Amino acid sequence: MNNNKSIYLIPVMLCFFCMGFVDLVGIASNYVKEDLGLTDSVANVFPSLVFFWFLIFSVPTGMLMNKIGRKNTVLLSLIVTVVSLFIPLLGNSFAVMLVAFSLLGIGNALMQTSINPLAMLIIGNKNLASTLTFGQFVKAIASFLAPYLAMWGATQVIPSLGYDWRVLFLIYFVIGVLASLLLWATPIQEEIAEGKSSSFMDCLRLLGKPIVLLSFFGIMCHVGIDVGTNTTAPKLLMERVGMTLNEAAFATSLYFIFRTIGALTGSFFLRVLKTRWFFIISVVMMALSMVGMFFGTEQWELYCAIALVGYGNSNIFSMAFSEALLSVPDKQNEVSGLMIMGLFGGTVFPLVMGIMSDTMGQAGAVAVMAIGVIYLFTYIPQVKH
């Protein structure tokens, strides 16, 4: 990659930061639950709704990239995201939040499908996993800042704004507008394929390739554990240690702090270690964290478990995504759409976890996440690049 092209990674990495806005749904759903007096199963509809749209929009977005290009698709995703962040500034009723989280999910589905191929367009195939991992590091910064911004808004008096914890949306709205303008002004050359585009069924047929299908399920488990921990970590501390929501919100930040550290160090380890070995280490850490969250009753035990899953889960997406992308080099847009459709796991896991936690406490939610960790152990033989 030449120096001129490397400059183009700056706006792309800012887009990765905007991609992290989707993770505010974990802490936001807890505040909405408290504001509106909702049960766990009802509150978990919000993160589930966000990730439902990945099932609907991911594959069509891969097809859209073939027609309008990767950069234009990312720009479209930023516009939808910015609108989703503006809506909660108008109110915090159940209906308003449903609309906002739906648009946030749609925008993020468009972005996650198109941003990785756009980054690949700039850097090429070399060091793809480590570059995508660095992008996940940038994304994680936005993720772990979200709970702090929400806590700041909830505990500080801001008379001129009056948005309480929703000041989080205002700050990310401004950053989203800046990212849109910067990417729009960046000249990125790409060739838009001519001729017949892949159909929806052509894309789905790629799931017939074992590595694509297994990577799809791997990403489902990754994001299910990610969203699940994001949502459940504060509840664990509230249930077992007796913390208030504002105190327990730190657990979400702790998770994302270690996810950020994992993504940053992972971009180095993936250059010096075999990907399979790093994948094994990551999944073992996640397994230990499930044991800690299931049985832990002390604050330090739960914090250690949350830190372990944060680090362990930080690179799973990049490794599974790159395995699938490199396995079908002539259909990268379509494979990207399929992999991002796997983020639908963020819908399935929280819904089941909400039901289980209402039935048997937060240990039930942890048991659901543990099933995802078990699957990731079975995926290890597929990690070859």
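Every position in the sequence shown, counted from 1, becomes a number in my numbering once 1 is added.
Note that the Cβ used here is the ideal one computed from N, Cα and C, for glycine as well.
The model shown is predicted, which means the values in this text are computed figures rather than measured ones.
{"Query": "Start and end residues, alpha helix (DSSP H) containing GLU191", "Result": "Premise fails: GLU191 is in no alpha helix (DSSP H) and is neither H nor E."}
{"Query": "Residue nearest to ALA50 in terms of C-alpha spacing, selected from ILE8, GLU35, ALA96", "Result": "The sequence given here places Leu at residue 50; Ala does not occur at that position. Of the listed residues, the one whose Cα sits closest to LEU50 is ALA96."}
{"Query": "Contact with chain C by ASP359, beta-carbon distance below 8 Å", "Result": "Absent here is chain C; the protein component of the structure consists of one chain."}
{"Query": "At least 3 beta-carbon pairs within less than 8 Å: the segment 70 to 78 vs the segment 24 to 31", "Result": "no"}
{"Query": "Residue environment, ARG71, which counts as buried when at least 16 other CB atoms sit within 10 Å", "Result": "buried"}
{"Query": "Option in PHE217, ILE88, ALA141 with minimal Cα separation from TYR376", "Result": "PHE217"}
{"Query": "For PHE55 and MET342, believed in contact at Cβ under 8 Å, the rounded distance", "Result": "6 Å"}
{"Query": "Start-to-end residues for the alpha helix (DSSP H) that takes in VAL26", "Result": "25 to 37"}
{"Query": "Validate contact between the segment 317 to 334 and the segment 108 to 118 using beta carbons, cut 8 Å, 3 pairs", "Result": "yes"}
{"Query": "Cβ-Cβ distance between THR134 and SER319 below 8 Å", "Result": "yes"}
{"Query": "Secondary structure of MET361, DSSP reduced to three states", "Result": "helix"}
{"Query": "Among VAL175, GLN383, MET354, PRO188, the one whose alpha carbon lies nearest that of THR40", "Result": "MET354"}
{"Query": "Cβ pair PHE345, PHE145 closer than 8 Å", "Result": "no"}
{"Query": "C-beta atoms of VAL310 and MET287 nearer than 8 Å", "Result": "yes"}
{"Query": "Any 3 or more C-beta pairs closer than 8 Å across the segment 360 to 378 and the segment 246 to 260", "Result": "no"}
{"Query": "Residue environment, PRO160, which counts as buried when at least 16 other CB atoms sit within 10 Å", "Result": "Its pLDDT being 48, under 50, PRO160 is placed unreliably in this model, and the value from its coordinates should be taken loosely. Result: exposed."}
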